[in-house]
Amino acid sequence: MMGRFSGWTSESAYDATHRAPAKKKKGKAPVRAVNVRAYDAIIGIDPGTKTGIAVKSEGLLKIVSTEKAWRAHQIVREWAEYYNGNILVRVEDARQRQWFGDTGRERMKGAGSVERDCRIWEEMLTDLGIPFEMVHPKNVKATTAEQFKKITGCTVRTSIHAREAAWLII
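Below, the structure is given as structure tokens:
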């Protein structure tokens, strides 16, 4: 028995192996603390040449727009700087997509460039130390502008890219 407890006294080893199990408290089941972090802002990104970006802060959608990739990077950096990095960025990750259907060769090339954009987002966010999640595309809803307006109350004009970015954070 001492082989498992090398360095222990024989009394300590005996106590460890013969200890009575802890008594369970009667009543309600114990509540487990979940490691949930409160972020000052959450940003959704739909990568591509027309990058959808949405920012939610204080419970409101502050930005729902389509930007060039470099401008979307700049917006994320500005929000991270403003909130001292206490933001979460959720990026739609095209690399997790397994289906392409009968879309043809050009569409496949487009998917490759979006995969490259996802990799760039992942590298940038890692290097800047900004918390992020890469989200599977199947978890993103495609909606019309009217549906989006009804559901969110957002009255600004939006593209499909901006709406998909918003769905990542709603």
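Residues 24 to 193 in my numbering are what the sequence shown lists, from first letter to last.
Just so you know, even glycine gets a beta-carbon here, dropped at the ideal spot from N, CA and C.
Item	Value
Inter-stretch contact at 8 Å, needing at least 3 Cβ pairs: the stretch 152–162 / the stretch 98–114	yes
Secondary structure of residue 146, DSSP reduced to three states	helix
Cα-Cα separation between residue 170 and residue 184, rounded to whole angstroms	15 Å
One or two residues paired with residue 88 in a DSSP bridge	76
Per-residue DSSP class, three states only, for residue 101	helix
Straight-line Cα distance separating residue 139 from residue 81	32 Å
Neighbour-count burial assignment, residue 71, 16 or more Cβ in a 10 Å radius	buried
C-alpha gap between residue 160 and residue 115, whole angstroms	6 Å
Own chain, CB closer than 6 Å to residue 119, minus 5 neighbours either side, in chain order	159
Three-state class that DSSP yields for residue 83 in the structure shown	strand
Residue 169 Cβ short of 7 Å to the ligand ATP heavy atom set	The model depicted lacks the ligand ATP and carries no ligand whatsoever.
Coarse secondary structure for residue 186, derived from DSSP in three states	helix
Beta-carbon proximity check, residue 168 vs residue 68, cutoff 8 Å	no
Spatial neighbours of residue 103 in its chain, beta-carbon cut-off 6 Å, leaving aside the 5 residues before and after	110 and 153
Pair within 8 Å by beta-carbon distance, residue 76 and residue 95	yes
Contact check, residue 89 vs residue 73, beta carbons under 8 Å	yes
Terminal residues of the beta strand (DSSP E) in which residue 174 lies	Where residue 174 is concerned, there is no enclosing beta strand (DSSP E), although the alpha helix (DSSP H) it sits in stretches over 168–175.
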